[in-house]
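Under the working numbering, the first residue of the sequence shown carries the number 1071, and numbering increases by one thereafter.
Note that beta-carbon positions come from the ideal geometry of N, C-alpha and C, so glycine has one too.
Written out below as C-alpha cells is the structure these notes cover.
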Amino acid sequence: MPLKIDLHTHTNYSDGMFTPAQVVQKAHNRGINILSLTDHDSINGIKDATECARDLGIEIITGMEISTDLDDKEIHLLAYFIDIENEELLKYLSFFRDERMHRAKRIVQKLRNLGLKITMDDVVAHAQNCAIGRPHIAYAMIELGLIKNYNEAFEKYIGDYGPAFERKIHVSPQSALKLISDAGGLSFIAHPGFMKENLLLNLIKAGIDGIECVHPSHSENQVQFYRGIVNQYCLLESGGSDYHGGKKLDEENLGKFVLGQSQFEAMKNMIH
1071 MPLKIDLHTH TNYSDGMFTP AQVVQKAHNR GINILSLTDH DSINGIKDAT
1121 ECARDLGIEI ITGMEISTDL DDKEIHLLAY FIDIENEELL KYLSFFRDER
1171 MHRAKRIVQK LRNLGLKITM DDVVAHAQNC AIGRPHIAYA MIELGLIKNY
1221 NEAFEKYIGD YGPAFERKIH VSPQSALKLI SDAGGLSFIA HPGFMKENLL
1271 LNLIKAGIDG IECVHPSHSE NQVQFYRGIV NQYCLLESGG SDYHGGKKLD
1321 EENLGKFVLG QSQFEAMKNM IH
C-alpha cells in the first residue's frame, strides 16, 4: 500500500486544539505514516511528537509555518527538514515568542477597554508553555463566561476585523527563505489558493523551493493548476490536511488530504 503523508498539521503549541502526542495518535488512527507538525512560528512540539511517533511507527518530519508579509499581505511559508537546533532559527523563534506576548497584551487591553473582565494571567493559564496566540485568548474568554464559544471570540472581538484585533509582527519572505535555507530546510508556499497569482510568482522569483498543491481549501482544478506551476518552474510539491482539530470537517480531512510518495521522495532528494 502507498504511504500516507501529511505535511501540514498544527498542535496546541500554536493554534491547534490538541497536544503533539494527541495529534500523532490521531494521525496513526488515520493510517498516516509520515507526519509533519507545522505550528505557526514554533518548533516546540516536535520533540514530544517524535518520541510518541517512534512507538507508533510514524516518521516525523521537522516543520514549521512562518508568518511573512509581502505587499502588505500576510503570506505563510512552510519549512521542512529544518535543523531545530540551528542557532539563528532559535533566535528568531525567541524573538517571535516575545512579540506574540506583546501582541496578546495589547489585545487583552483592548478587551478590557471594551468592558470585558479579562487579564493576561487568564490567558497565560491557557497557553502554558506555548507561544501565546489568539486561540488562547478565546479559550480564556470562554472559561470566564464572556462568550459562548470559540467562533464568537473571533467574530465579535479578536478576529481580523474585530474591535480588539492587533496585527502580528511579520518578517519578509526573503528573510524567512534565508532562515529556512540556513537551517538546512526546504521552503514552500502554504495554501496558495488564498493569494493572488502575482504574489505567487514573486515568491517563485525570490527562490521558494516548492508549493503546497494539496490543501483542503483547493478544488481539484486548483490542485492541477498549482501542479502545472510546479512543473513549469521545476519546483517541489507539498501537501497536507492543515489539521487544527476540534471541528468535524477538520477531523475528516486528516488522512484524506495527503502528499504522494514520489513527491515526498523528490523533497528528500533536495535536502540541503
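Express the C-alpha separation of residue j and residue i in angstroms, rounding to a whole number.
| i | j | result |
| --- | --- | --- |
| S1084 | R1297 | 29 Å |
| I1075 | G1310 | 7 Å |
| Q1292 | I1299 | 11 Å |
| F1151 | R1167 | 21 Å |
| A1123 | Q1095 | 8 Å |
| R1100 | T1189 | 39 Å |
| E1144 | G1185 | 30 Å |
| E1307 | L1269 | 18 Å |
| L1271 | Q1302 | 12 Å |
| H1110 | P1243 | 15 Å |
| I1113 | D1125 | 20 Å |
| S1137 | A1260 | 10 Å |
| R1176 | Y1231 | 15 Å |
| F1088 | T1081 | 5 Å |
| L1214 | K1187 | 8 Å |
| A1091 | I1104 | 14 Å |
| Q1331 | I1116 | 22 Å |
| R1204 | A1210 | 10 Å |
| F1224 | H1314 | 16 Å |
| K1352 | F1334 | In this structure the chain extends from 1071 to 1342, so residue 1352 is not present and cannot be described. |
| F1165 | M1071 | 43 Å |
| K1218 | E1169 | 28 Å |
| N1339 | L1329 | 15 Å |
| V1178 | D1192 | 10 Å |
| L1216 | K1226 | 11 Å |
| E1155 | F1295 | 36 Å |
| V1093 | E1121 | 13 Å |
| L1273 | I1341 | 19 Å |
For residue i, would you say it is in contact with chain D, using Cβ-to-Cβ distances shorter than 8 Å as the test?
| i | result |
| --- | --- |
| N1156 | Structure shown: chain D not included; a single protein chain is present. |
Find the nearest neighbour of residue i within the set the options, judged by alpha-carbon distance.
| i | options | result |
| --- | --- | --- |
| D1153 | L1306, Y1209, E1267, I1250 | I1250 |
| G1263 | I1281, I1102, L1107 | I1281 |
| G1127 | G1133, I1177, G1115, H1098 | H1098 |
| L1163 | P1072, A1201, F1295 | A1201 |
| M1134 | S1106, K1117, E1290, N1219 | S1106 |
| H1146 | K1226, A1246, I1217 | A1246 |
| N1323 | T1079, L1073, M1071, K1187 | T1079 |
| M1337 | L1148, F1088, M1087, E1121 | L1148 |
| I1131 | D1118, Y1209, D1142 | D1118 |
| K1266 | E1155, K1226, A1210, D1142 | D1142 |
| K1275 | Q1294, L1305, E1290, D1252 | L1305 |
| F1327 | D1192, E1290, V1178, M1340 | E1290 |
| Y1220 | L1077, G1086, L1073 | G1086 |
| E1129 | M1171, L1073, L1216, Q1294 | L1073 |
| T1108 | L1077, I1341, E1155 | L1077 |
| K1238 | E1155, T1120, M1171, L1273 | M1171 |
Could you check how far apart the C-beta atoms of residue i and residue j are, in whole angstroms? I think they sit under 8 Å.
| i | j | result |
| --- | --- | --- |
| H1234 | L1181 | Going by the sequence as given, residue 1234 is Ala instead of His. About 5 Å separates the two Cβ atoms, so the contact holds. |
| D1312 | H1240 | Not quite, the Cβ-Cβ distance comes to about 19 Å (not below 8 Å), so this is no contact. |
| I1207 | I1228 | 6 Å |
| R1173 | E1236 | 5 Å |
| D1252 | E1158 | 6 Å |
| I1102 | G1277 | The Cβ separation is near 30 Å, so there is no contact. |
Is the beta carbon of residue i within less than 7 Å of some heavy atom of the ligand GTP?
| i | result |
| --- | --- |
| R1182 | Of the ligands one can find in the structure shown there are none, so the ligand GTP has no counterpart to examine. |
Q) Okay, do the stretch 1301 to 1320 and the stretch 1272 to 1290 touch, 3+ Cβ pairs below 8 Å being the bar? A) yes
Given 8 Å, three or more beta-carbon pairs between the stretch 1189 to 1203 and the stretch 1254 to 1261: no
For this session: May I have a chain-ordered list of the beta strand (DSSP E) segments no shorter than 3 residues that lie completely inside the stretch 1228 to 1290?
Result: 1256 to 1259, 1280 to 1284
What residue ranges within the stretch 1285 to 1321 form continuous beta strand (DSSP E) runs of no fewer than 3 residues, ordered along the chain?
-> 1306 to 1309
- Task: Would you list, in sequence order, the uninterrupted alpha helix (DSSP H) runs of no fewer than 4 residues that lie entirely inside the stretch 1140 to 1210?
- Result: You should have 1157 to 1183, 1190 to 1197.
What are the start and end residues of each continuous alpha helix (DSSP H) run of 4 or more residues lying completely inside the stretch 1090 to 1132, in chain order?
Segments of the alpha helix (DSSP H) lying fully in the stretch 1090 to 1132: 1090 to 1099, 1116 to 1126.
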